[in-house]
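Below: the structure, in structure tokens.
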Amino acid sequence: TYGSVIRRLHHARITAPNALGWWSWTAYYSGLNEGAALTNAEYLARNLKSFGYNFFHIDEGYQYARGEYATPDAGLFPHGMAVLEHKVTSLGLVPGVWTAPFEVSERSWVYETHPEWLVHNAKGCPIYIGLGANDTDRLFVLDTTNPDAQKYLRMTYARLVGQWGIRYIKLDFMSETAVEGYYFRPNTTALEAQRIGLKIIRDAVGDKVLLDKDGSPMLNPVGYVDTGRISEDTGHTFAATKEVATGIAAHYYMNRNFFVSDPDAFTVSKQIIPDGEWHESTIPLTLGEAKASIALSAVSGGM
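Residue 104 in our numbering sits at position 103 of the sequence shown, and the numbers go up by one each step.
So this is what it looks like as structure tokens:
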């Protein structure tokens, strides 16, 4: 009953397909490059597309820095992302990418040239929220109430869709960026600012592009996103499967009430990840453990 009330009250987007496909993160983490991406896309199209696995999602690592998602890492993708994504589309796949829409790295163009676009504390300093991938970049929060920052956000997502041909975009780390501070628009709360930013992104990409919320306050993105993470990362171990199971099962009511539920990826690989932090595994999955990982996705009722 609660879920259905939320669906009606917040005009939830619930008609998206149950997306099936491949993503890069739990195979390559931030080490994916152009050649490996194309090889996986070709394998997916040749062997799994006929079973419905047609989404091809490139996760974090393709971009130069957080907050600068329209600028690829030239060392990993020397021909640029547009060329690669158009090849993905030509294979009959749906291209997707990862973003953390309101995070800004100190390496990014925004931080270096426009610190006034960031959320500030009472002393006028940008609010530091932690470190990015590989614990290298300090991170800050984009002020989505600043008109110039809004323009930048709009241009970034319009380029991903218009020039790269992206049709599925993950929106990550919105919990970390929901911080109270001093915004360009006075007396704005963190959740209000997030909703403002989400509306800008939705307007920029249009209605036909799927938006997937990852880490975020659960209710805040409803009405703007099509799919949404409902628990923690699944990782590479049976212990991780057990850990996320409670969240996935308990949030069953969100599926097609808040959005299409996203239970994170299932894992069937024998890959060993000795130093992947919470994704760490020192022994390969057994067949039974792989089946449990798949079954957990099914429990969600969604993706």
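Built from N, CA and C at the ideal position, the CB exists for glycine as well.
Quiz item: Around the Cβ of Gly52, are there at least 16 other Cβ atoms within 10 angstroms (buried) or fewer (exposed)?
Solution: It should be noted that the sequence gives Phe, not Gly, for residue 52. Exposure of Phe52 is indicated by the presence of fewer than 16 other C-beta atoms within 10 angstroms of its C-beta.
Exercise. Along the beta strand (DSSP E) that carries Tyr313, what are the first and last residues, could you check?
Key: This structure cannot speak to residue 313, because the chain is shown only from 2 to 304.
Practice problem: Just mark Thr16 as buried or exposed, buried being the case when its beta carbon has 16 or more other beta carbons within 10 Å. | Solution: The residue is exposed, with fewer than 16 neighbouring Cβ atoms inside 10 Å.
Quiz item: What number of angstroms, rounded off, separates the C-alpha of Thr157 from the C-alpha of Ala71?
Solution: The alpha-carbon atoms of Thr157 and Ala71 are separated by roughly 6 Å.
Exercise. Can you give me the Cβ contacts of Phe267 inside the same chain, cut-off strictly under 6 Å, excluding the 5 residues immediately before and after it?
Key: Excluding residues up to 5 positions away in sequence, Ser294, Ile295 and Ser298 lie with their Cβ nearer than 6 Å to the Cβ of Phe267 in the same chain.
Quiz item: So does the region 180–194 actually touch the region 107–114, counting three or more Cβ pairs closer than 8 Å?
Solution: No contact exists between the region 180–194 and the region 107–114.
Quiz item: Using the C-alpha atoms, what's the distance from Trp165 back to Thr242?
Solution: Cα to Cα, the separation comes out at about 34 Å.
Exercise. Label Thr283 either buried or exposed according to how many other C-beta atoms from any shown protein chain fall within 10 Å of its C-beta, with 16 as the threshold for buried.
Key: By the neighbour-count criterion, in which a residue is buried when 16 or more other Cβ atoms sit within 10 angstroms of its Cβ, Thr283 is exposed.
Self-check item: Cβ contact (3+ pairs, closer than 8 Å) linking the region 229–242 and the region 127–147
Solution: Between the region 229–242 and the region 127–147 there are fewer than three C-beta pairs closer than 8 Å, too few to call the two in contact.
Practice problem: Counting only the same chain and skipping the five closest in sequence on each side, list residues whose C-beta sits under 7 Å from that of Ile197. | Solution: Only Thr145 and Thr146 meet the Cβ criterion.
Self-check item: Three-state class that DSSP yields for Phe141 in the structure shown
Solution: Note: Phe141 maps to strand in three-state DSSP.
Self-check item: Contact set for Lys88: own chain, Cβ-Cβ below 8 Å, skip 5 residues either direction
Solution: Cβ within range, chain order: Leu39 and Ala42.
Practice problem: Determine the closest residue to Gly207 out of Ala191, Gly76, Asp215 and Arg168, with distance taken between C-alpha atoms. | Solution: Of Ala191, Gly76, Asp215 and Arg168, the residue nearest in Cα terms is Arg168.
Quiz item: Any idea if Asp263 is buried or exposed, counting beta-carbon neighbours within 10 angstroms, 16 or more meaning buried?
Solution: By the C-beta density criterion, Asp263 is buried, having at least 16 other C-beta atoms within 10 angstroms.
Practice problem: With a cut-off of 8 Å on the beta carbons, I'd call His80 and Val223 a contact; round off their distance for me. | Solution: That pair is no contact at about 38 Å.
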